[in-house]
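What follows is one structure encoded as structure tokens, with my remarks underneath.
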Ligand SMILES: NC(=O)c1ccc[n+]([C@@H]2O[C@H](COP(=O)([O-])OP(=O)(O)OC[C@H]3O[C@@H](n4cnc5c(N)ncnc54)[C@H](OP(=O)(O)O)[C@@H]3O)[C@@H](O)[C@H]2O)c1
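In the working numbering, the protein residues as written are 13 to 404.
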């Protein structure tokens, strides 16, 4: 039976990996409804011509005419602007891949959840910024959130149905990023290119920088707590260089179940695309004999303070995690634009959260998505002021 699907953030790393799987599936397995992007008209138009969705949407309204022209004569509908993204995400489908990067993905993902179908969640920002809202909405609408992050997807697969009440802890693995062996002194001079060169995974720029600071692991701890309903102390992190084990679940009897696979995002994506069945992927099969060993070590929170900052934010509540995410997005954007140094990123995030806490801007809980977006806006403003030398 054909599954109707939409891909939000189709031109990105996760979006194109999803489309790669669609192209390899048996003809007629998937019917494309909406493909979206932010500003990359050429890539979006190329994908639309190849995959023939009902509609292609560009988030930046300035590109409306360009997209229309690029798809003229194809019969594919086009639309532009943030509201058009939300409308497209709300079209009835069986499955939505939420792969927009950043808090810009919140409203479209929420619109997709209203459908009551499957939401494959790559955009961890939804749970980091407004976890209660998304989990409650999924339950109210009878929708199913399937995690795409490889660690969360691993844990989702390793939770034996009905045994979630017997979990002692879960363990997220981390590759450690490109600077796992660098002393702090050396990290001061990290360039954009150094930080984008991830040793294991090939990903979009923002998540690559987050992997280098380990903020990504901090965001993933928050995501895991909200997704699996666990407190921070039941979510551990272990550095595992080979990135073959993606996540582990330890039960109260001492049994530990893990999910293993080559570090290829098409594996977790496929598990959501075919769920509750399985589908083939071109991912390299695991060759354990060739691997010969697997290494594990504790993360270093002194060299990578982002982990501690994220855990503190989690304990402080939803305001702090939404502020953390926004401050980090601005700081990473500034690092990518060569405006700040690599080690300034966690410093700016911590400063922003401290200023927001001092000014009572961080509510423990949000009553809806708009509260999260307001904290997001305030945090962005504070970091921008701090970077231009104005006190927050
Ligand atoms: N990459 C991975 O392996 C991986 C693994 C786990 C989780 N994730 C998560 O998945 C999400 C996507 O990551 P990615 O690496 O695929 O990112 P990416 O390669 O940077 O792609 C981002 C996608 O979002 C679109 N986009 C960017 N800003 C937008 C905006 N303001 N409004 C609407 N659309 C916007 C981009 O469109 P344009 O191309 O037009 O800019 C692109 O389609 C992130 O939340 C990330 O943390 C990624």
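Yeah, the Cβ is synthetic: ideal placement off N, Cα and C, and Gly gets one too.
Let me check one thing: in DSSP terms, what residues is residue 247 bridge-paired to?
182
Inter-residue CB distance, residue 303 and residue 351 (contact presumed, cutoff 8 angstroms):
So it is not a contact: roughly 40 angstroms between Cβ atoms.
Among residues of its own chain, excluding the 5 on either side of residue 149, which ones have a beta-carbon nearer than 8 angstroms to its beta-carbon?
122, 125, 126 and 155
Please report the residue range of the beta strand (DSSP E) in which residue 258 lies.
257-263
What do you reckon, is the C-beta of residue 109 under 7 angstroms from a heavy atom of ligand 1?
no
Could you tell me the alpha carbon to alpha carbon distance between residue 58 and residue 322, rounded to whole angstroms?
38 angstroms
Would you check whether ligand 1 has a heavy atom nearer than 7 angstroms to the C-beta of residue 80?
no
Beta-carbon of residue 80 versus every beta-carbon of chain D: anything under 8 angstroms?
Here there is only one protein chain, and chain D is not present.
Out of curiosity, what's the CA-to-CA distance linking residue 145 and residue 301?
45 angstroms
So, is residue 277 buried or exposed, given that buried needs 16 or more other C-beta atoms within 10 angstroms?
buried
Run through the segment 13-97 for me and flag every whole beta strand (DSSP E) of 3 or more residues, listed as ranges in chain order.
15-20, 42-49, 67-70 and 89-92
Grab the span of the beta strand (DSSP E) containing residue 407 for me, first residue to last.
The requested residue 407 does not occur in the structure, where the chain is confined to residues 13 to 404.
Whole angstroms are fine: how far does the CA of residue 250 sit from the CA of residue 176?
21 angstroms
Alpha-carbon spacing of residue 236 relative to residue 242, whole angstroms
7 angstroms
Whole angstroms is fine: what's the gap from residue 69's alpha carbon to residue 338's?
Answer to the nearest angstrom: the Cα atoms are 24 angstroms apart.
From which residue to which residue does the alpha helix (DSSP H) around residue 311 run?
Looking at the DSSP string, residue 311 is not in any alpha helix (DSSP H), and its letter there is neither H nor E.
Go ahead and label residue 374 buried or exposed: buried means 16 or more other beta carbons lie within 10 angstroms of its beta carbon, across all protein chains shown.
buried
Please tell me whether, using a cut-off of 7 angstroms, the distance from the CB of residue 161 to the nearest non-hydrogen atom of ligand 1 is below it.
yes
Check the DSSP bridge columns for residue 108 and list the partner residues they point to.
18 and 131
I need the boundaries of the alpha helix (DSSP H) containing residue 320, first residue and last residue.
318-328
Since I believe residue 268 is in contact with residue 262 (beta carbons under 8 angstroms), could you give me their beta-carbon distance rounded to a whole number of angstroms?
5 angstroms
Within the continuous alpha helix (DSSP H) that includes residue 303, where are the two ends?
300-303
Run the CB neighbour count on residue 341, radius 10 Å, all protein chains shown included, and call it buried at 16 or more, exposed below.
buried
Report the rounded CA-to-CA distance for residue 196 versus residue 318, giving the unit in angstroms.
A direct Cα-Cα distance of roughly 14 angstroms separates residue 196 from residue 318.
With a Cβ-Cβ cutoff of 8 angstroms, do residue 331 and residue 387 count as a contact?
yes
Skipping 5 residues on each side, what residues in its chain have a beta carbon closer than 7 angstroms to that of residue 52?
23
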